[in-house]
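Every position in the sequence shown, counted from 1, becomes a number in this note's numbering once 132 is added.
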Amino acid sequence: MVKRTVSVGQTVKAMILNGIGFANRALYLSPIFFKDKPTERLIGAGIQPEHINDDILGRALDTIFDYDPSKLFLQCAIKDINILKFVTTYPKNKIATLSICNT
């Protein structure tokens, strides 16, 4: 097992923050985006901008792909539904797909 400076979860958090403020840029530009950001406060203790590079982002994306992105998304969505206490009219075991649209 490889020791990571930045966990996959922290890397996903960094990608979300990067996507909000620096969209449509190459992965190798991520350290530039985080250069003037409080990375330790936003992402985690000990995380510096240079830790968030294209190599760590690529490895996190590979890990997510190996796990199955659809399965991960569904697990996150179900957890969010339970945390936010959304009321659904369908029994939990009858949900086959979950679609989210931004219109």
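All C-beta atoms in this analysis are idealised placements derived from N, C-alpha and C, irrespective of residue type, glycine included.
Look at the beta carbons and you see the region 194 to 209 not touching the region 160 to 179: under three pairs across the two are nearer than 8 Å.
Here the alpha carbons of Met147 and Arg136 stand approximately 16 Å from one another.
Burial check for Val138: the Cβ neighbour count within 10 Å reaches 16 or more, so the residue is buried. When secondary structure is reduced to three states using DSSP, Ala177 falls in the coil class, being assigned neither helix nor strand. Cβ atoms of Thr143 and Leu189 come within 8 Å of each other, at about 6 Å.
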